[in-house]
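Protein chains in written order, with this note's numbering: chain R, 54 to 269; chain H, 409 to 467. To start, the structure under review is shown below, and the notes come after it.
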């Protein structure tokens with residue numbers, strides 16, 4: 054009996070394309086170009102680490118529920134862990150953004166990497182705003198009543214009601230994190246596909262070059 | 409802003425008071441936000457100039 058032909062079925066074709074686009078040594082490399090040995094390249098993975106903490110602490114909050122996070126010491130701790138993970142997330146993500154902006158990180162067919170990063174930042178801001186609305190305390194009530202005027206003035210309030218805690222909670226813990234998570238995965242896969250952007254004027258071998266491709 | 413101590417060796421800052429705001433023309437910003445922005449700028453500059461540990465030039 055001969056071996057089944059590869060690439061005939063959609064699963065085989067998809068596998069062949071994935072392995073050819075992202076061979077294991079490129080997907081999970083154990084070495085990086087010399088120019089990556091700088092602290093400015095650390096903030097992307099720091100953002101990812103903070104995102105993991107946010108999702109983990111948010112999952113625990115969802116398991117415990119609002120009565121638990123308002124009335125118990127451990128609940129308060131996990132609530133604070135969630136908040137400060139978000140503070141750290143935005144802190145390091147904006148430094149990551151500054152670093153990538155000033156090195157024009159969209160060079161070398163990396164536009165999709167840049168765009169998914171921008172979208173992840175914008176969606177993260179939206180996710181954080183809905184987080185303010187679902188604290189279930191006086192602070193969230195105040196923020197919701199202030200936000201409703203702004204949202205209503207755009208016309209979006211007809212179907213996106215910031216005073217509706219149930220709707221905001223589901224946006225905060227399901228819809229927006231799902232989109233941010235998918236964007237983060239696509240962003241990271243694009244980094245692995247195209248590689249870490251070299252500094253302006255430096256070739257992929259880490260040496261200075263006059264090749265125009267190193268500048269655009 | 410009030411400094412609170414709940415037990416020896418543990419210091420916390422009470423955040424229940426009125427926030428302090430900086431006014432600079434039409435720009436208004438809470439002192440806390442200004443401190444965070446200055447911290448971010450400091451970390452950004454430090455990331456550019458502080459040598460990365462364990463880096464070998466032959467790699």
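Beta carbons are placed, not taken as given, at the ideal position from N, Cα and C, and that holds for glycine.
- For a Cβ distance threshold of 9 Å, nothing in chain H lies close to residue 168/R: the least Cβ distance comes to about 22 Å.
- When the beta-carbon positions are compared, residue 444/H and residue 92/R stay at least 8 Å from each other.
- Here residue 139/R is buried. Its C-beta has 16 or more other C-beta atoms within 10 Å.
- Taking a cut-off of 8 Å on C-beta distances, the region 130-146 of chain R touches the region 102-117 of chain R, as three or more cross pairs fall below it.
- Within the region 238-268 of chain R, no residue has its Cβ closer than 8 Å to any Cβ of chain H.
- DSSP, reduced to helix, strand and coil, places residue 261/R within a strand of the structure shown.
- Close to residue 196/R, with beta-carbon spacing below 8 Å, lies no residue of chain H; the smallest spacing is near 15 Å.
- Shown here for residue 245/R: same chain residues with a beta carbon closer than 7 Å to its own, the five before and five after excluded, namely 75, 79 and 80 in chain order.
- Partner residues in the beta bridge of residue 438/H, as assigned by DSSP, are 429/H.
- DSSP, reduced to helix, strand and coil, places residue 253/R outside both helices and strands of the structure shown, so it counts as coil.
- A direct Cα-Cα distance of roughly 13 Å separates residue 451/H from residue 99/R.
- Neighbours of residue 182/R in chain H, taken as residues whose beta carbon is under 9 Å from its own, are absent, since the nearest beta carbon is some 16 Å off.
- Put simply, the CB of residue 448/H is near chain R, with a gap under 8 Å to one of its CB atoms.
- Put simply, the CB of residue 90/R is near chain H, with a gap under 8 Å to one of its CB atoms.
- Listed in chain order, the positions of the region 102-122 of chain R with a beta carbon within less than 7 Å of a beta carbon of chain H would be empty, since no residue qualifies.
- With contacts defined as CB atoms closer than 8 Å, residue 165/R and residue 233/R fail to qualify as a contacting pair.
- The alpha helix (DSSP H) runs lying completely inside the region 114-180 of chain R and spanning 4 residues or more are 119-124 and 126-155, given in chain order.
- Residue 420/H has a beta carbon lying at 8 Å or more from every beta carbon in chain R.
- Secondary structure of residue 74/R (DSSP, three-state): helix.
- Going by beta carbons, residue 215/R and residue 200/R fall inside the 8 Å limit.
- At a beta-carbon threshold of 9 Å, the residues of chain R lying near residue 455/H are 91, 92, 93, 94, 95, 96, 148 and 152, ordered along the chain.
- Interface annotation, residue 144/R: in contact with chain H, CB-CB separation under 8 Å.
- Each residue's CA atom was taken as its position, placing residue 143/R and residue 423/H some 21 Å apart.
- Annotation for residue 442/H: 430 place their beta carbon closer than 8 Å to its own, counting only its chain and skipping 5 residues before and after.
- Within the same chain, and ignoring the five residues on either side of residue 101/R in sequence, the residues whose Cβ sits closer than 8 Å to its Cβ are 237 and 241.
- Around the C-beta of residue 129/R, fewer than 16 other C-beta atoms lie within 10 Å, and the residue is accordingly described as exposed.
- Taking every protein chain shown into account, the CB of residue 183/R has 16 or more other CB atoms within 10 angstroms, so this residue is buried.
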